[in-house]
Amino acid sequence: MIKVMLVDDQAIIRNGLKSILSHHQDISVIGEAENGKDAYLLAYQLKPDLILMDIRMPIMDGVEATKIIKHEFPEIKILMLTTFDDDQYIIKAMNYGASGYLLKDIDIEKLKDAIFDAMNDHVILPNQIAKKLFTHLPTIDHHLNKDDFTSREQDIIKHLIQGKTNQEISDILYLSLGTVKNYMSTIYTKLDVTDRSNAIIQLKRIGF
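Okay, structure coming up:
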């Protein structure tokens, strides 16, 4: 059973999400909050597995809430609920450890799939917004291309793009977890990024 917490300043959004998720036998909504400050306090009390977090809220927005929650409880997954124009907020939230972002008008089944994917350590990056984010991310060396990565790094990248975790990549390629982490570190350095989500976006920009 996945314990989910809903955070949105609009009760109608929270009620809609709760109604949708209550029909899934493997998901339980255990709490609701209307701002980031309350979300942090509730997360401390309830220890949810995953939080659906609105970005724009009074008192404390979802980005700041994500920062402090992930710092205190790194095991909690956070999916940001966003509109199409929240580019800068999304980037900050991802850098603070959010597992991805979802448009508020997402299809019901896709919402459920996203929750399960996030719990499996996959990064949720809808294509329609990912393209917009390219223009806001730090620009990597424009001479960087696929050939700048070794064949083994490209093997790692293929599975990284598919959303595989380090452990899954380790199992698939018959490499130790430490070796995979070393390759990941090298890939991050080449891309000049520090997190998985921005690495995926930059790799897609290169053409992987």
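Residue numbers (our numbering): 9 to 216.
Note that the Cβ used here is the ideal one computed from N, Cα and C, for glycine as well.
Review point. If you check the beta carbons only, do Met88 and Ile98 fall under 8 Å apart?
Key: Taking the sequence shown and counting its residues from 1, the one referred to as residue 88 is at position 80. Taking the sequence shown and counting its residues from 1, the one referred to as residue 98 is at position 90. Their beta carbons are under 8 Å apart, which means Met88 touches Ile98 by this criterion.
Per DSSP, what kind of secondary structure is Tyr48 in: helix, strand or coil? On the sequence shown, position 40 is the one that residue 48 refers to. Looking at Tyr48 - three-state DSSP - the assignment turns out to be helix.
Return helix, strand or coil for Gly171, following the three-state DSSP convention.
Position 163 of the sequence shown, counted from the first residue, corresponds to residue 171. DSSP places Gly171 in coil when its eight states are reduced to three.
Sequence-distant residues of its chain with Cβ nearer than 8 Å to Ile10 (five each side left out):
Position 2 of the sequence shown, counted from the first residue, corresponds to residue 10. Answer for Ile10: Asp34, Ile35, Ser36, Asp57, Leu58, Ile123, Phe124, Met127, listed in chain order.
### Message
Between which two residues does the alpha helix (DSSP H) holding Leu110 run?
### Response
Taking the first residue of the sequence shown as 1, we reach residue 110 at position 102. Careful: Leu110 lies outside any alpha helix (DSSP H), inside the beta strand (DSSP E) at 108 to 111.
Legend entry - Option in Leu60, Ile28, Lys198 with minimal Cα separation from Asn43: Here the question's residue 43 lines up with position 35 in the sequence shown. Per the Cα distances, Leu60.
- Query: Given a threshold of 16 other Cβ atoms within 10 Å of its Cβ, counted over all protein chains shown, does Ala51 qualify as buried or as exposed?
  - Reply: By 1-based counting over the sequence shown, the position of residue 51 is 43. Buried, because 16 or more other Cβ atoms sit within 10 Å of the Cβ of Ala51.
(request) Starting from the Cα of Ile169, find the closest Cα among Leu185, Ala47, Ile214 and give me that residue. (result) Here residue 169 is taken as the residue at index 161 of the sequence shown, counted from 1. Among Leu185, Ala47, Ile214, the Cα nearest to that of Ile169 belongs to Ile214.
**Q.** Candidates Leu111, Ile67, Ile28, of which the one nearest Tyr48 by Cα
**A.** Position 40 of the sequence shown, counted from the first residue, corresponds to residue 48. Comparing Cα positions, the closest option is Ile67.
Can you tell me where the beta strand (DSSP E) holding Ile38 begins and where it ends?
Taking the first residue of the sequence shown as 1, we reach residue 38 at position 30. Unbroken beta strand (DSSP E) run through Ile38: 35 to 41.
Closest to Asp17 by C-alpha separation, out of His79, Lys45, His31, would be which residue?
What you label residue 17 is simply residue 9 of the sequence shown in a count that begins at 1. Among His79, Lys45, His31, the Cα nearest to that of Asp17 is on Lys45.
inquiry  = So, for Asn153: in the same chain, excluding its five sequence neighbours on each side, which residues have a beta-carbon less than 8 Å away from its beta-carbon?
reply    = Numbered from its first residue, the sequence shown carries residue 153 at position 145. Once the five neighbours on either side are set aside, the close Cβ partners of Asn153 are Ile214, Gly215.
Enclosing alpha helix (DSSP H) for Ile77 [first to last residue]: The residue given as residue 77 occupies position 69 in the sequence shown. From DSSP, the alpha helix (DSSP H) with Ile77 extends over 70 to 80.
Query raised in the report: What is the DSSP secondary structure of Ala101, reduced to helix, strand or coil?
Result: Indexing the sequence shown from 1 puts residue 101 at position 93. In this structure, Ala101 counts as helix in the three-state DSSP scheme.
Practice item. Measure the C-alpha to C-alpha separation of Leu25 and His130 and round it to an integer number of angstroms. Key: As a first step, residue 25 is located in the sequence shown; it is residue number 17 there, counting from the start. As a first step, residue 130 is located in the sequence shown; it is residue number 122 there, counting from the start. So the alpha carbons of these two residues sit roughly 21 Å apart.
Only counting the same chain, and skipping five residues up and downstream in sequence, which positions put a Cβ closer than 7 Å to that of Lys100? As a working mapping, residue 100 is identified with position 92 in the sequence shown. Counting only Cβ-Cβ distances below 7 Å, and skipping sequence neighbours, we find Val71.
| When the distance is taken between beta carbons, is Ala207 closer than 8 Å to Lys191? | Within the sequence shown, residue 191 is the residue found at index 183, counting from 1. Within the sequence shown, residue 207 is the residue found at index 199, counting from 1. Per the sequence presented here, residue 191 reads as Tyr, with Lys not at that position. Not closer than 8 Å, so no.
Original post:
Of the choices Gly186, Ile165, Leu181, Ile180, whose alpha-carbon is the least far from that of Lys198?
Top reply: Residue 198 sits at position 190 when you count from the first residue of the sequence shown. Selected option, being the one with the closest Cα: Ile165.
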